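Participant: In the numbering used here, the protein residues as written are 3 to 394.
Heads up, the beta-carbon is just placed ideally off N, CA and C, and yes, glycines get one too.
Predicted model, so just to flag it, every value in this text is computed and none were measured.
Take a look at the structure:
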């Protein structure tokens, strides 16, 4: 029996949209701390932009996801891309640091609309029988963009901050035009906008806490693994991220079909189990071998857990409210990353980064118990159970 096609034109179109959106964003992120220093900001202020941006994205995601369900997910992508043009130009012109951070807050809030809407729209394009595989390949769009964008952004930055911002504005203009050509209907929902407490799908949030405790360590890695490498004399600086990225690609290409064949939990539990081992190895890593081993285990965990988790959640939630569903996931995951970055820094400054990553290892041990307990309740406010997946 032939399988339903996965790599369709609409899949490719949305994949490219996501790639170029992340390609633009991750040119900005490594360069803007340098701009803040140019404006006379401190090192702490330079590092605060990403934290402000992440928390703004996290806490607005349920709202922007819900709005996307009402106005149309493709329409949300286009609106966000158009606004990104304005943000890019504003970054280039503003010279007052508080205003720059305020723009970051608004930008981060709209960014969450991209995250929620694009993922929700992609679930419409992926055949149910190949959902885990499709979401795994979907996740490679940001992974690939993040792998190449920072170096290009810093290269363009050599020609000046305004040059970089104009390039980002041009990219956002292209994604806006591309978004207008994306397939899919933009029918408006007749439902009333929910009350504030209804913006979150709490059954999804509870299950996503299993990812949040893992992403606590992810936040620490993103901010401090390069510093850890410096402290321990491990070179090159990019070794962890290179090994991590390559592992994600291999895992998603070669294992994602198992989730469709045997159910997402077959991938999810081993992935969660790999995380504490990865953080524990990182806490004591003293050479390249140990650092690479930690990166491979972490790549295995992230590479397998995200598509498997999304498959589980999407299977058990209402298609009409997928924007809210993904918004709730973004809220929990990004909060974990943001809090993890801040607390890892605080622990690292007082007790050392090894102790901070050991704490992340201990916390990530809770992922499986949390998921087992919370997943029983993923039949809540946004749920339309699918009988054929009841066993997953």
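Taking the continuous alpha helix (DSSP H) assigned at residue 286, which residues delimit it?
Facilitator: Indexing the chain shown from 1 puts residue 286 at position 284. Counting along the chain, the alpha helix (DSSP H) containing residue 286 begins and ends at 267-286.
Participant: Mapping DSSP to helix, strand and coil, what is residue 163?
Facilitator: Against the chain shown, residue 163 aligns to sequence position 161. Secondary structure at residue 163: helix, using DSSP grouped into helix, strand and coil.
Participant: What do you get for residue 301, buried or exposed, if any count of 16 or more other CB atoms within 10 angstroms of its CB means buried?
Facilitator: By one-based count along the chain shown, residue 301 stands at place 299. When all chains shown are included, residue 301 counts as buried.
Participant: How about residue 122 and residue 70: do their beta carbons lie closer than 8 Å?
Facilitator: Within the chain shown, numbered from 1, the residue matching residue 122 stands at position 120. Within the chain shown, numbered from 1, the residue matching residue 70 stands at position 68. Yes, Cβ-Cβ distance for residue 122 and residue 70 is below 8 Å.
Participant: Roughly how many angstroms separate the alpha carbons of residue 80 and residue 335, rounded to a whole number?
Facilitator: Walking along the chain shown from the start, residue 80 turns up at place 78. Walking along the chain shown from the start, residue 335 turns up at place 333. Answer to the nearest angstrom: the Cα atoms are 24 Å apart.
Participant: How many angstroms separate the CA atom of residue 361 from the CA atom of residue 279?
Facilitator: Residue mapping note: residue 361 aligns to position 359 of the chain shown, counting from 1. Residue mapping note: residue 279 aligns to position 277 of the chain shown, counting from 1. Residue 361 and residue 279 have their alpha carbons spaced roughly 12 Å apart.
Participant: Among 264, 83, 107, 273, which residue has its Cα nearest to the Cα of residue 180?
Facilitator: Sequence index remark: in the chain shown, residue 180 carries index 178 (1-based). Closest by alpha carbon: 83.
Participant: Measuring CB to CB, does residue 18 end up less than 8 Å from residue 127?
Facilitator: As a first step, residue 18 must be located in the chain shown, where it is residue number 16. As a first step, residue 127 must be located in the chain shown, where it is residue number 125. No. Outside cutoff.
Participant: If you count every other CB in all the chains shown that lies within 10 Å of the CB of residue 3, and 16 or more means buried, which is it?
Facilitator: As a working note, residue 3 is residue 1 in the chain shown. Unreliable placement is indicated for residue 3, whose pLDDT of 49 sits below 50; no coordinate value is reported for it.
Participant: Looking only at its own chain, which residues have a Cβ that is under 6 Å from the Cβ of residue 185, when we skip the five neighbours before and after it?
Facilitator: Counting from 1 along the chain shown, the entry for residue 185 is found at position 183. Answer for residue 185: 12, listed in chain order.
Participant: Could you tell me if residue 351 is buried or exposed, where buried requires 16 or more neighbouring beta carbons within 10 angstroms of its beta carbon?
Facilitator: Within the chain shown, numbered from 1, the residue matching residue 351 stands at position 349. By the neighbour-count rule (16 or more Cβ atoms within 10 Å), residue 351 is not buried but exposed.
Participant: Tell me, please, whether the segment 302-309 touches the segment 325-332 by the rule of three or more beta-carbon pairs shorter than 8 Å.
Facilitator: No, the segment 302-309 does not touch the segment 325-332.
Participant: Could you work out which residue in 281, 23, 332, 341 is closest to residue 355 when comparing CA atoms only?
Facilitator: The residue given as residue 355 occupies position 353 in the chain shown. The candidate whose alpha carbon is nearest that of residue 355 is 281.
Participant: Can you grab the Cα-Cα spacing for the pair residue 74 / residue 239, in whole Å?
Facilitator: By 1-based counting over the chain shown, the position of residue 74 is 72. By 1-based counting over the chain shown, the position of residue 239 is 237. Each residue's alpha carbon lies about 42 Å from the other.
Participant: Quick check for students: name the residue ranges of the alpha helix (DSSP H) that lie wholly in the segment 195-254, counting only runs of 4 or more.
Facilitator: 204-233
Participant: Is the segment 243-258 close to the segment 361-374, with three or more CB pairs under 8 Å?
Facilitator: no
Participant: Using CA atoms only, rank isn't needed, just tell me which of 229, 204, 113 is closest to residue 174.
Facilitator: Position 172 of the chain shown holds residue 174. Taking only the C-alpha atoms, the option nearest residue 174 is 113.
Participant: Kindly indicate the opening and closing residues of the alpha helix (DSSP H) around residue 373.
Facilitator: Residue numbering aside, residue 373 sits at position 371 when the chain shown is read from its first letter. Run containing residue 373: 369-377, per the alpha helix (DSSP H) assignment.
Participant: Rounded to the nearest angstrom, what separates residue 376 and residue 211 at their Cα positions?
Facilitator: As a position in the chain shown, residue 376 is number 374, starting the count at 1. As a position in the chain shown, residue 211 is number 209, starting the count at 1. Between residue 376 and residue 211, the C-alpha separation is close to 9 Å.
Participant: On a CA-only basis, which of 277, 72, 286 is nearest residue 322? Give me that one, please.
Facilitator: Stepping through the chain shown from its first residue, residue 322 is reached at position 320. Residue 322 has its Cα closest to that of 72, out of 277, 72, 286.
Participant: Taking all protein chains shown into account, decide if residue 353 is buried (16 or more other Cβ within 10 angstroms of its Cβ) or exposed.
Facilitator: Looking up residue 353 in the chain shown gives position 351. Classification for residue 353: exposed.
Participant: Indicate whether residue 338 and residue 56 have their beta-carbon atoms separated by less than 8 Å.
Facilitator: In the chain shown, the residue the question calls residue 338 occupies position 336. In the chain shown, the residue the question calls residue 56 occupies position 54. Their beta carbons are not under 8 Å apart, which means residue 338 does not touch residue 56 by this criterion.
Participant: Return no unless some Cβ of chain C is closer than 8 Å to the Cβ of residue 30.
Facilitator: No chain C is present in this structure, which holds just one protein chain.
Participant: Residue 43 lies in the alpha helix (DSSP H); which residues open and close that run?
Facilitator: Within the chain shown, the letter at position 41 stands for residue 43. No alpha helix (DSSP H) contains residue 43, which DSSP labels as neither H nor E.
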